[in-house]
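Below is one structure, written out as C-alpha cells, with a few remarks after it.
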Amino acid sequence: MTLETRGLHFSYNGRPVLAGLSLSLARGESVGILGVNGAGKSTLLRCLNRNLKPQKGAVLVEGRNLADLSGEEIARLLGYVPQNRFTDPLNVFDSVLLGRKPHIKWQASGRDLQVVAEVLAQMGLEKLAMRPVASLSGGEAQKVVIARALAQEPRMLLLDEPTSNLDLRNQLELMRLLGRVMKDKGIGAAVCLHDINLALRYMTRLVLLKEGGIKAILTPEQLSPELISEVYGVEVILAQVAGHRVVIPQEARGEPAEGGLDAKLDRETVGHDSN
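Numbered according to the working numbering, the sequence shown spans residues -15 to 259.
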C-alpha cells in the first residue's frame, strides 16, 4: 500500500503550516517525521487521516483520493494515534475492541474477539485485559491506545509522538514493540518524533520538515550534523556509541554558551561520526 500527498497546503486562520508538501509512504517502512515545534508534523498526520481537510492538494491511498473514501474505509486502511491522551472509562479489552468498530456490523463476532485477543498478546497486555484503562501507568495506557489502532487491522499506522511523557525505559520498550509488531503484520508507520536519537535508532527513513515544506528525505545513515543544524538551529555532534548513531547537542545558534560542552568523550566507547 502507498500513502501519498501531492502539493498539500494547509493553513490555520490564514497562517500557512503546510506549503505544497509532497510525500510518498510505502507499506512496510517506518518513517520518522522530524522538525521543530510548529513545523507541521502533527498537521501532516491529521491531514493524512482526514481529520483535517487541506485547502489545496490531495492525499492518495493506493491511488484513491482520501476525500472520496468513507470514514470506515479510511479506518480499515489507516490506524491513527493522536498525541493527546484521553480518559477512558473502559477496561483494556473493551477499549481495544472499539478498534474493531469499522469491521463490526451488528455486534462483535468471534473474529473480532479473536483479533483483540491477538493484539493484546502482541502488545503484552493480556494480563491487564480486565483492568480499567484509567488505572494503568502512562506506558501501559499508551500501549492500549496503539493496540486499539492495531485492532483496526490497518495497513499503515500514523503515530503522533507515541513516546511523549514516557520515561526512557518505556520509550525504548514501546519503540521495540512497535518494530516487532510492524514486522509481524507487514504494516508501515509514519511516526512524528521530537527525539532524533529514537528516530535514528528505530526508523528506516526520515522526513525533515521546515517552514511547512520538506527539507530532506533520507535514511538515518545519511543524516548529517549540518542538516540537523539547518533544521533545528542547533550545532550538534553525531557520534557512534555502542553501535548506534547518537546526536549530541551543542548550543543553539545565537545563544551564549554557559560553561560549554565537556568534550572529553571516552574514545573507547564513543567515536565521532563524520557522516
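Don't be surprised by glycine CBs; every beta carbon is placed ideally from N, CA and C.
query: What would DSSP say about VAL175, mapped onto helix, strand or coil?; result: strand
query: As a quick exercise: from ALA135, MET159, LEU152 and LYS199, pick the residue whose alpha carbon is nearest that of ASP144.; result: MET159
query: Can you round the beta-carbon distance between ALA135 and VAL103 to whole angstroms, since I take them to be within the 8 Å contact cut?; result: 5 Å
query: Spell out the partners DSSP gives LEU62 in its beta bridges.; result: MET140
query: Taking 9 Å as the cut-off, decide whether the C-beta atoms of LEU142 and ALA173 are in contact.; result: yes
query: Using the Cβ count rule (16 or more neighbours within 10 Å means buried), how would you classify GLY19?; result: buried
query: Spell out the partners DSSP gives PHE(-6) in its beta bridges.; result: LEU2
query: Do SER121 and ASN154 have their beta-carbon atoms positioned less than 9 Å apart in this structure?; result: yes
query: If we ignore side chains and look at the alpha-carbon of each, how far apart do GLY(-9) and LEU182 end up?; result: 29 Å
query: Can you grab the Cα-Cα spacing for the pair ASP72 / ILE221, in whole Å?; result: 42 Å
query: Taking just the CA atoms, how far does ARG30 sit from LEU36?; result: 6 Å
query: Classify ILE201 as buried or exposed, calling it buried when 16 or more other Cβ atoms lie within 10 Å of its own Cβ.; result: exposed
query: Buried or exposed, going by whether 16 or more other CB atoms sit within 10 Å of the CB of ALA247?; result: In this prediction, ALA247 has a pLDDT of 39, which is less than 50 and means its spatial position is unreliable; what the coordinates show is noted afterwards. ALA247 should be labelled exposed.
query: In whole angstroms, give me the CA-to-CA distance for TYR216 and GLY(-2).; result: 24 Å
query: Pull up the distance between the alpha-carbon of GLN234 and that of PRO209, whole angstroms please.; result: 11 Å
query: Whose CA, out of LEU190, ASP151, ASP179 and ALA133, lies closest to the CA of LEU162?; result: ALA133
query: At which residue ranges does the stretch 70 to 108 contain complete alpha helix (DSSP H) runs of 4 or more residues, listed in the order of the chain?; result: 76 to 81 and 94 to 106
query: Taking the continuous alpha helix (DSSP H) assigned at LEU28, which residues delimit it?; result: 25 to 32
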